[in-house]
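Heads up: the structure comes next, in structure tokens.
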Amino acid sequence: MPSILFEVTDQVARITLNRPEKLNAFNREMAFALQNALRKCEPDDIRCVVITGSGKAFSAGQDLAEVVDPAGPGMSKILSEHYNPVIQLISDLKKPVLAVVNGVAAGAGANIALCCDIVVASESAVFIQAFSKIGLIPDSGGTFFLPRLVGRQKASALMMLGDKVKAEEAEKIGMIYKYFEDAAFRDEVEKITKTLANMPTAGLAYTKMAIQLSATNTLPEQLANEDALQQKAAATADFKEGVQAFLEKRAANFKGK
Ligand code: LHQ
Numbered sequence: 004m005p006s007i008l009f010e011v012t013d014q015v016a017r018i019t020l021n022r023p024e025k026l027n028a029f030n031r032e033m034a035f036a037l038q039n040a041l042r043k044c045e046p047d048d049i050r051c052v053v054i055t056g057s058g059k060a061f062s063a064g065q066d067l068a069e070v071v072d073p074a075g076p077g078m079s080k081i082l083s084e085h086y087n088p089v090i091q092l093i094s095d096l097k098k099p100v101l102a103v104v105n106g107v108a109a110g111a112g113a114n115i116a117l118c119c120d121i122v123v124a125s126e127s128a129v130f131i132q133a134f135s136k137i138g139l140i141p142d143s144g145g146t147f148f149l150p151r152l153v154g155r156q157k158a159s160a161l162m163m164l165g166d167k168v169k170a171e172e173a174e175k176i177g178m179i180y181k182y183f184e185d186a187a188f189r190d191e192v193e194k195i196t197k198t199l200a201n202m203p204t205a206g207l208a209y210t211k212m213a214i215q216l217s218a219t220n221t222l223p224e225q226l227a228n229e230d231a232l233q234q235k236a237a238a239t240a241d242f243k244e245g246v247q248a249f250l251e252k253r254a255a256n257f258k259g260k
């Protein structure tokens, strides 16, 4: 079985982490396969990307057996060649990336989810910054994203203590967008996915860019960026269509351009 499943339907790319017997833990092959799948999401006709896990987990992070394997990639390559490119590819995609956390998300598995634009989880999912339990620091963008999501105090505690954060709590503290009861999860995810794929994709890409720029900008810089990006959004066909549809009191038919 391939370690990453990839399919495109109705302008949605669905990427499934697929080593269920290892709770979708990442080895080198799987990290490269995920990078390839993310690159396949770059064309404009894909308007939403979904990342989920097969079986009962989202991902248990790095495959720890590979770390101690003398024939393995070695510590010096794991971040620079496996995870950092994955985080950068997700951040650079000019479309919304939805993490659908169907079960446990630990270590790099948790932080790959948290770097996505929107994170939803099933009620039975848990998030664990598992790194401290094995003497490592949080990686895969965790030290960038988690403090910005939940604040420095909560992030420090979760990262140092390695607590298991249930989906309901993750929603409450702003770590994720929403959690859904397990029985309703698939349907709710489909609704969000369909909505995103029919939104003005270029506008969403500019929104994503503006949010990313806000991480380091001053207010004047950010206001200038909003101005520049708004000019680009206003030049899209979807802006014209959105305004026209509003005036004609009909649903807009966005093309993502
Ligand atoms: C696993 C794993 C796993 C291998 C479950 N590897 N087999 C960056 C820089 C360089 C090096 C290191 O890594 C990183 C990034 C990171 O991600 S570091 C953090 C790595 N991940 C962890 O430390 C999490 C380890 N796993 C766990 O703590 C538990 O498995 C969790 C809490 C995720 C799930 O617990 P359970 O639901 O009780 O499942 P389990 O522990 O029974 O696991 C099921 C199977 O999956 C089991 O195999 P087995 O053959 O006994 O059925 C585990 O050995 C295997 N597995 N995680 N990361």
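Numbering (this note's numbering) for the sequence shown: 4 to 260. Glycine included, C-beta positions come from ideal geometry on N, C-alpha and C. Since this is a predicted model, take the numbers as computed values, not measurements.
Looking from the CA of Arg42, the closest CA among Ile93, Lys59 and Ala68 belongs to Ile93. If you ignore the 5 residues before and after Gly177, its C-beta comes within less than 6 angstroms of the C-beta of Leu152 and Val153, all in its own chain and listed in chain order. Look at the stretch 6-73 and you find these whole runs of beta strand (DSSP E), each 3 residues long or longer: 7-12, 15-20, 51-56 and 60-62. Between ligand 1 and Ala236, a heavy atom-to-CB distance of less than 6 angstroms is absent. If you check the C-beta of Ala111 against ligand 1, you find a heavy atom less than 6 angstroms away. The three-state reading of DSSP puts Phe183 in strand, counting E and B together. A direct Cα-to-Cα measurement between Ala128 and Leu96 gives close to 26 angstroms. Distances taken from the Cβ of Ala68 to the heavy atoms of ligand 1 include one shorter than 6 angstroms.
Of all C-beta pairs linking the stretch 102-114 to the stretch 50-63, three or more are shorter than 8 angstroms, placing the two stretches in contact.
The C-beta of Gly138 has fewer than 16 other C-beta atoms within 10 Å across all chains shown, which makes the residue exposed. In the structure shown, the three-state DSSP call for Ile131 is strand. When the Cα atoms are used, Ala133 and Ser83 turn out to be separated by approximately 20 angstroms. Beta-bridge partners of Ser125 (DSSP): Phe183. With a beta-carbon spacing of about 24 angstroms, Leu20 and Ser79 fall beyond the 8 angstroms limit used to define contacts. The beta carbons of Gln14 and Ala200 sit closer together than 7 angstroms.
Residue state for Ala102 is assigned as strand, using DSSP reduced to three classes. Look at Asp142: its beta carbon is less than 6 angstroms from one of the heavy atoms in ligand 1. Thr196 sits close to Cys51, with the two beta carbons spaced by under 7 angstroms. If you compare the alpha carbons of Lys260, Ala113 and Phe183 with that of Val168, the shortest gap goes to Ala113. When the five nearest sequence neighbours on each side are left out, the beta carbons in the same chain lying within less than 7 angstroms of the beta carbon of Ala40 are those of Ile7, Phe9 and Ile18, in order along the chain.
Within 6 angstroms of the C-beta of Ile81 there is at least one heavy atom belonging to ligand 1. CA-to-CA, the gap between Val70 and Arg31 works out to about 10 angstroms.
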